[in-house]
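Notes follow the structure.
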Amino acid sequence: MFAYLVRRLAYAVPILLGVNLLTFALFFVVNTPDDMARMQLGVKRVTPDAIAKWKAERGYDKPLFFNGAEEGCAKLTDTIFFAKSARMFVGDFGAAEDGRDIAREIATRIGPSTALALPTFVVGLLVTVSVALLLAFVRGTRLDFWGVVACVAAMSVSSLFYIIFGQWLFSKVLRLVPISGYADGLSAFKFLVLPVAIGVVAGLGSSIRWYRTLFLEEIGKDYVRTARAKGLSEGTVLFRHVLKNAMIPILTGVVVVIPQLFLGSLLMESFFGIPGLGSYTIDAINAQDFSVVRAMVFIGSVLYIAGLMLTDLSYTLVDPRVRFD
Amino acid sequence: MPFQPVLLWSDAVLWLLTGLLVALAVVSRRSPPLAAAWRKVGQSRTGMAAATLLTVFALVGLADSLHYRQLLPAAPDKPAAYGVEVLSLLDGALSGLRNHGEKTYSAPLATVSYAMETRTGSDGVQQRDFPPLRFGGAQLSPGDSWAADVAVRGIVGVAAGTLLWWLISTVLLWSSTRGAASGDTIAQIKPWRGFQAIMLKRPPGSFAWDAVLVTLLLICLIAGKLAALASGYHVFGTDKVGQDVLYQVLKSVRTALVIGLVTTLVTLPLGILLGIAAGYFGGWIDDAIQYLYTVLNSIPGVLLIAAAVLMMQVVIDTHPEWFATAAERADLRLLALCFILGFTSWTGLARLLRGEALKLRELDYVQAAQAFGVAPFTILLRHILPNVMHIVIITLVMDFSGLVLSEAVLSYVGIGVDPTTISFGTMINNARMELAREPVVWWSLVAAFAFMFALVLAANLFADAVQAAFDPRRSAQ
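Protein chains in written order, with the numbering used here: chain V, 172 to 496; chain F, 441 to 917.
Okay, structure coming up:
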C-alpha cells in the first residue's frame, strides 16, 4: 500500500510538470511580458519606461527559460519559468496584482470553499444514488418513465437558471435566507444552505440518469438472477448486491464530478458572495490577473490528481479484490 | 448590386459543417449498418420530434449566417457605397423587430413604457405617467381596444400557422412518398388521403411521420402567433436599451449553434486521430498521448478555458489592426472560443476511441490485414475508423447540448463570447440585475430560458434516440 502511494505520488509529478509547462506556454509564449504590461497599464499612453518598470517590479525582466548572463545553477533558476512556475511546487505562488500574497489568500479562502463544496457533493451523491436506486427498483413502470423524463428536462436547464431562480424565490420573495454573504463558524449555515441546495438540485438530472443506467446494467447480470432465484426479495437484491457491486463505477463517476464541483462552486460562490477560491478566480479573471489564474490552475490540477488517488484508495475499501501490489 | 455579400469566418465554418453533415448522410446511406441505425432513429417518436425542432433552429441559425452589407442611398455623382453594419438574412427578415427599438424596458405586448416619466401635457401642466411606446401598439388609435387587437392578431396568426403547416407537410409527405422504394411502408400512404392515416395508425417500423407532423404543427402555430403579434407589439418586451427581446433570442440561436457545432469540428479530428493512434500503435505513442490527455484533463476545464481566453483577449487587444469591423472582431473571438473549447474537450472522445481501438486491433481481420502487409494508415482508415464511427456519432450528438449550456456559463463568467455578440449567456448576464429591480423585469430571462431549454432539450432527446440506435449494448437490451 505504501509503495503504491509513493508510486502514485511519483506519477503525479510529471503530470503537474506538464500542467505547469502548458500554462506557462499559454501565459508567456503566446504573449510576451511586454504585452501583459501594456494590458495592465492600459494600451494607450504607455511609455517604454513604464513597461520596463512594471516588468522589473514583478520580475518579468528576466529571460524565459535560460539565463546566459548568470553563473552555475542561476543560469536556470534566475529565469521567469523558475520564479513564476517551478516555485509553485513548494507552495510559493508569488503576489497578485494588488500586491497580496496568493498563498495566504488561498489558505484563508479554502475554508469557505470546502464548506460549500463538500456538503453539496455528499448530499448530492446520497440523494442521487437513492433516487436512482428507487427508479431501478420500479423499472419499466410509469414512475420510472416519468422519472427519466424529469431527469432529461432537468439536465436541459442551464445551471445559471437554477441559481437565479433559486436566489430570487428563496431570498428575495420568501426571504428565508440572506441573498448573499458569509460568516465564519456555525453561523455560516444560513448562508450556505441555499447554495448547497441549489448545487444539489442542479446536478440531479444528469447524475440520476447515469446511476440509473449503471444499476440497470448491474441488474442484468447473472449473479442477480441467481440471487433472485434463491428467493431473495427485490429490495435485498438491490441494496445488498447491486449497490455493493455498483460501488466501483460509482466511485469512478465521483472523480469525474470533482472538476465539475470546481466549476459549480465558481458560479455559486460569485452569485452568493462566498469568499472562496471560486469567487477569487472569477475576480482574477475579470481583473485579468494572470498570476492568480495560473496559481488556481495549478491548485485545480493538484486537487484533481489528489481526487484520482483518493478514488483508487477507496476501491480497496469497497472491493477487497482490488489490491495494489 | 443592392448589397455586398460578407463572409465572416464563422459563416464559412458553419456552412462547411453543414456540407460535412450532408456528406455524413451520404456515407451513412451507403454503409448498411449506419443506414440501419439511422432508420432506427427515424422510427423513434421523441427522436424525430426533437430532430424537427432542431432543424427549425438550424434553419434560423443558417439564415443568420448569410451576411451582407446594404447599399447606402445613392448620393449624386459619387460611387456606390455600402453601409458599415454587417447584417444577416435573418436581420433583413426581422428588420421590423431590429429597428423598432424603444427607449428602455417595456413589458411583453405592452403599449406604454415600463417606467414612469414626467411629461408636460399640451396644457402646460407637468404630470408623471407611463409614456406610450414608440412602436409597441402604435397602430392603435385612441379608443381602440388593445385586447381586441391582440386577440385578432392572435387568431390570424394561428390561422396562418395552420395553413403554413398544411403546405409544408403536404410537400414533405409528397416528396417522401415519391422517394420511397416500392414495398416501403410509407409508400403505401397516399399524401392526399391525408394525414389521418399517419396520425391514427402509423405502420409499425416506419418513419415517425406522426411525431414530425405534430411537432411541425406546434412550431407553425407558435411561430404564426408570434409573427402576427410581433408585427404590432414587442411580444417578449424590450430590454434596458429598448431592444426587442424576441429578436435577441432568435439571434442567440446562431451563437449557440456555432459553439455547439464548430467546437465538435475541432474536437473530432483531434479525438479520432489521437484516440485511434494511441489504441492501435500502443508503445510510446500510447504513453505520449495518454500523458497529453491526462495533463489536459487534470486542469479543471473552466480554468483552462479561462486562461486560454485571457491570452486570446490580450492578443486581440494588442492587434486592433487585424479587424476591419467590430463584427469581424466579435466573430473571431467567437471562433477562438470554439477552438479553445475544442482543444480542451477532445480528451473524452480520445479515451473512448483508444479503448475501442485496443480491442479492435486484436480482432482476426485486422491481424489478417497486418499479415498481408497492409500499411498501418490504411488499416486505420479501412478497418478501425468505420468500426468506431458509432462512438463518434454518439459523442457528437451527446456533446452538443453540453456545449450550448457551457457557453451560457462561460459568457456569464466573462470568458465567453464578445459582450457585443448576442447569445443566451450575454442575455442572462444582462438580465441578472433586472431581477433585483422593483417591480421585477422578468421577460428577457424567461424568454432566454424558454428558447435555450427548447434547444437543449431537443438536443438531449435527439442524442438519446441516436444513442439508443447506435450503441450495440443498449440496442441489445
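Glycine included, every Cβ here is placed at the ideal spot set by N, Cα and C.
Cβ-based burial, SER738(F) [other Cβ within 10 Å; buried from 16]:
Within the second sequence, numbered from 1, the residue matching residue 738(F) stands at position 298. Classification for SER738(F): buried.
Taking the alpha carbon of ALA578(F) as the point to measure from, which residue in GLY672(F), ASP589(F), ALA521(F), PRO516(F) has its own alpha carbon closest?
Taking the first residue of the second sequence as 1, we reach residue 578(F) at position 138. Here the closest residue by C-alpha is GLY672(F).
Tell me whether TYR508(F) sits in a helix, a strand or coil according to DSSP, three-state version.
Translated into positions along the second sequence, residue 508(F) becomes position 68. Here TYR508(F) sits in strand by DSSP.
Contact residues within the segment 454 to 471 of chain V, judged by C-beta distance below 8 Å to chain F:
Look at the segment 454 to 471 of chain V: the residues with a C-beta under 8 Å from a C-beta of chain F are ILE456, ASN457, GLN459, PHE461, VAL464, ARG465, MET467, VAL468, GLY471.
Which residues, in order along the segment 840 to 852 of chain F, keep a beta-carbon less than 8 Å from a beta-carbon of chain V?
Along the segment 840 to 852 of chain F, the positions whose C-beta sits under 8 Å from a C-beta of chain V are SER841, LEU845, ALA848, VAL849, TYR852, read in chain order.
Quick one: list the residues of chain A neighbouring ALA324(V), beta-carbon separation under 7 Å, in chain order.
Of the protein chains in this structure, namely V and F, none is chain A.
Considering only the beta carbon of each residue, do PHE308(V) and GLU405(V) sit closer than 8 Å?
As a position in the first sequence, residue 308(V) is number 137, starting the count at 1. As a position in the first sequence, residue 405(V) is number 234, starting the count at 1. Going by C-beta atoms, PHE308(V) is nearer than 8 Å to GLU405(V).
Let's test the definition: count the other Cβ atoms within 10 Å of the Cβ of PRO366(V) and tell me whether it reaches 16, buried, or not, exposed.
As a working note, residue 366(V) is residue 195 in the first sequence. With 16 or more Cβ atoms within 10 Å of its Cβ, PRO366(V) is classed as buried.
Can you round the beta-carbon distance between ASP858(F) and ALA770(F) to whole angstroms, since I take them to be within the 8 Å contact cut?
What you label residue 858(F) is simply residue 418 of the second sequence in a count that begins at 1. What you label residue 770(F) is simply residue 330 of the second sequence in a count that begins at 1. Indeed they touch by this definition, with Cβ atoms about 4 Å apart.
State the DSSP-derived secondary structure class of ALA521(F), mapped to helix, strand or coil.
Position 81 of the second sequence, counted from the first residue, corresponds to residue 521(F). If DSSP states are grouped into helix, strand and coil, ALA521(F) belongs with coil.
I want to see whether chain V comes within less than 8 Å of MET838(F), judged by CB atoms only; does it?
On the second sequence, residue 838(F) is found 398 positions in, with the first residue counted as 1. Answer no: the Cβ-Cβ gap between MET838(F) and chain V never drops below 8 Å.
Looking only at its chain, what residues have a beta carbon closer than 6 Å to the beta carbon of ALA477(F), apart from the 5 residues adjacent to it on each side?
For the purposes of this step, residue 477(F) is taken as the residue at position 37 of the second sequence. Excluding positions up to five away in sequence, the list reads ALA909, PHE910.
Would you please verify whether the beta carbon of LEU331(V) is less than 8 Å from any beta carbon of chain F?
What you label residue 331(V) is simply residue 160 of the first sequence in a count that begins at 1. Closer than 8 Å to some Cβ of chain F, the Cβ of LEU331(V) qualifies, so yes.
Check whether the segment 700 to 719 of chain F and the segment 567 to 581 of chain F touch, using three or more Cβ-Cβ pairs below 8 Å as the test.
No, they do not touch.
DSSP state of ARG568(F) mapped onto helix, strand, coil
For the purposes of this step, residue 568(F) is taken as residue 128 along the second sequence, with counting starting at 1. DSSP places ARG568(F) in strand when its eight states are reduced to three.
Taking only three categories from DSSP, how would you classify SER546(F)?
Along the second sequence, one-based indexing puts residue 546(F) at 106. Three-state DSSP puts SER546(F) in a strand.
Would the segment 832 to 842 of chain F count as touching the segment 750 to 762 of chain F if we require 3 or more Cβ pairs under 8 Å?
No: fewer than three Cβ pairs fall under 8 Å.
Given a limit of 9 Å on CB to CB distance, which residues of the segment 478 to 492 of chain V reach chain F?
For the segment 478 to 492 of chain V, which is checked against every Cβ of chain F, the residues closer than 9 Å are LEU479.
Between the C-alpha atoms of LEU537(F) and PHE889(F), what's the straight-line distance to the nearest angstrom?
Working through the second sequence from its first residue, we reach residue 537(F) at position 97. Working through the second sequence from its first residue, we reach residue 889(F) at position 449. Rounded to whole angstroms, LEU537(F) to PHE889(F) spans 20 Å at the Cα level.
Just to make sure I have the definition right: I need the residues of chain V whose C-beta is within less than 8 Å of the C-beta of LEU901(F). Which are they?
Against the second sequence, residue 901(F) aligns to sequence position 461. Against chain V, a Cβ distance below 8 Å from LEU901(F) picks out VAL323.
Just the chain V side, please: which residues come within less than 9 Å of ILE725(F) by C-beta, in chain order?
The sequence position of residue 725(F) within the second sequence is 285, counting from 1. Those within 9 Å of ILE725(F) in chain V number zero; the least Cβ separation is about 17 Å.
With a Cβ-Cβ cutoff of 8 Å, do LEU331(V) and ALA848(F) count as a contact?
Here the question's residue 331(V) lines up with position 160 in the first sequence. Here the question's residue 848(F) lines up with position 408 in the second sequence. One thing to note: LEU331(V) has its Cβ within 8 Å of the Cβ of ALA848(F).
Starting from the beta carbon of TYR475(V), find every residue of chain F whose beta carbon is closer than 9 Å, and list them in chain order.
As a working note, residue 475(V) is residue 304 in the first sequence. ASN737, SER738, ILE739, PRO740, listed in chain order.
Give the residues of chain F in contact with ARG209(V), contact being defined as C-beta atoms less than 9 Å apart.
Within the first sequence, the letter at position 38 stands for residue 209(V). Result: VAL754, ASP757, THR758.
DSSP on GLY623(F), reduced to helix/strand/coil?
Here residue 623(F) refers to the residue found at position 183 of the second sequence. Legend: pLDDT at GLY623(F) = 47, less than 50; position of this residue unreliable, no value from coordinates given.
Between ILE831(F) and chain V, is there a C-beta pair that is closer than 8 Å?
Here residue 831(F) refers to the residue found at position 391 when the second sequence is read from its first residue. Cβ-Cβ to chain V under 8 Å: no for ILE831(F).
Run down chain F in chain order and give the residues with a C-beta less than 9 Å from the C-beta of ILE186(V).
Reading the first sequence from its first residue, position 15 is the one you call residue 186(V). The answer, in chain order, is TYR731, THR734, VAL735, SER738.
Do you know offhand how far GLY447(V)'s Cα is from MET467(V)'s?
Indexing the first sequence from 1 puts residue 447(V) at position 276. Indexing the first sequence from 1 puts residue 467(V) at position 296. Rounded to whole angstroms, GLY447(V) to MET467(V) spans 12 Å at the Cα level.
Against chain V, with Cβ distances strictly below 8 Å, would ILE868(F) count as a contact?
Taking the first residue of the second sequence as position 1, residue 868(F) is located at position 428. ILE868(F) belongs to the set of residues whose beta carbon lies under 8 Å from a beta carbon in chain V.
Within 10 angstroms of the Cβ of PRO185(V), are there 16 or more other Cβ atoms? Answer buried if so, exposed if not.
Numbered from 1 along the first sequence, position 14 holds the residue referred to as residue 185(V). Exposed: under 16 other Cβ atoms inside 10 Å.
Would GLY623(F) be called buried (16 or more neighbouring beta carbons within 10 Å of its own) or exposed?
The residue you call residue 623(F) lines up with position 183 of the second sequence. Model confidence at GLY623(F) stands at a pLDDT of 47, short of 50, so the residue's coordinates are unreliable; what they give is reported in the following sentence. Its Cβ having fewer than 16 others within 10 Å, GLY623(F) is exposed.
Please report the distance separating the alpha-carbon of SER327(V) from that of SER846(F).
Counting from 1 along the first sequence, the entry for residue 327(V) is found at position 156. Counting from 1 along the second sequence, the entry for residue 846(F) is found at position 406. Taking the straight line from one Cα to the other gives about 12 Å.
If you compare alpha carbons, which of LEU422(V), ILE421(V), ILE453(V) is closest to SER436(V)?
Here the question's residue 436(V) lines up with position 265 in the first sequence. Each of LEU422(V), ILE421(V), ILE453(V) was checked against the Cα of SER436(V), and the nearest Cα belongs to ILE453(V).
CA-to-CA distance, LEU474(V) to VAL783(F), given in whole angstroms:
Numbered from 1 along the second sequence, position 343 holds the residue referred to as residue 783(F). Numbered from 1 along the first sequence, position 303 holds the residue referred to as residue 474(V). In the sequence as displayed, the identity of residue 783(F) is Phe instead of Val. About 22 Å.
I'd like to confirm something about ALA503(F): is its beta-carbon nearer than 7 Å to some heavy atom of the ligand MN, or not?
This structure lacks the ligand MN, and indeed carries no ligand of any kind.
Using 8 Å as the threshold, is the segment 357 to 365 of chain V in touch with the segment 869 to 884 of chain F, meaning 3 or more CB pairs across them?
Result no; under three Cβ-Cβ pairs closer than 8 Å.
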